[in-house]
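To start, the structure under review is shown below, and the notes come after it.
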Amino acid sequence: VPTEVGRMVRLRELTMNENSLSGEIPTGLGQLGGLESLYLEMNQMMGEIPNDLGLLTELEVLRLYGNKFTGTMPLSVCDLTVQSQLVWVAADCNGDKPSIECNCCNECH
Numbered sequence: 472v473p474t475e476v477g478r479m480v481r482l483r484e485l486t487m488n489e490n491s492l493s494g495e496i497p498t499g500l501g502q503l504g505g506l507e508s509l510y511l512e513m514n515q516m517m518g519e520i521p522n523d524l525g526l527l528t529e530l531e532v533l534r535l536y537g538n539k540f541t542g543t544m545p546l547s548v549c550d551l552t553v554q555s556q557l558v559w560v561a562a563d564c565n566g567d568k569p570s571i572e573c574n575c576c577n578e579c580h
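In structure tokens, the structure reads:
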């Protein structure tokens, strides 16, 4: 995902699933304050999920499964399920390797 995506401040939905994307989630995505849906599932992305996704206070849906993310879902993201509008979080949290620990996921793959 190009870092320039972070400049698209009016973006409401980012759908980039099943595009053979690789690399990490750019930290610039946290600048998309109006983003409501982020679909990055079924790619070849890796690394840890950045804390600044927790800045997406309008986010309602976050779909990250089918990638190679590791680590733990940031607390800043999980806090959005309580303090904001985030109602659906899907990730690779079923224990298969690689996977992430996620205390706020509604859907584990």
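Take any residue in the sequence shown, note its place counting from 1, add 471, and you have its number in the numbering used here.
Built from N, CA and C at the ideal position, the CB exists for glycine as well.
Small disclaimer: the values here were computed from a predicted structure and weren't measured.
Unbroken alpha helix (DSSP H) run spanning Q464, endpoints: The question about residue 464 has no answer here: the residues shown for the chain are numbered 472 through 580.
Runs of beta strand (DSSP E) wholly within the region 484-540 (minimum 3 residues, chain order): For the region 484-540, whole beta strand (DSSP E) runs of length 3 or above, ordered along the chain, are 484-486, 508-510, 515-518, 532-534.
Other residues of its chain near M559: CB distance less than 6 Å, five sequence neighbours each side excluded: The amino acid occupying residue 559 in the given sequence is Trp; Met does not appear at that position. Excluding residues within five positions, the ones whose Cβ falls inside 6 Å are V532, N577.
V560 in three-state terms, based on DSSP: strand
L500 and G537 closer than 8 Å at C-beta: no
Integer-rounded CB distance, given that M544 should sit under 8 Å from A562: 6 Å
Buried versus exposed call for N514 [16 or more other C-beta atoms within 10 Å across all chains shown]: Label assigned to N514: buried.
C-beta contact flag for I520 and V548 at 8 Å: yes
Distance CB(G518)-CB(E489) smaller than 8 Å: Taking the C-beta atoms as reference points, E489 is found no nearer than 8 Å to G518.
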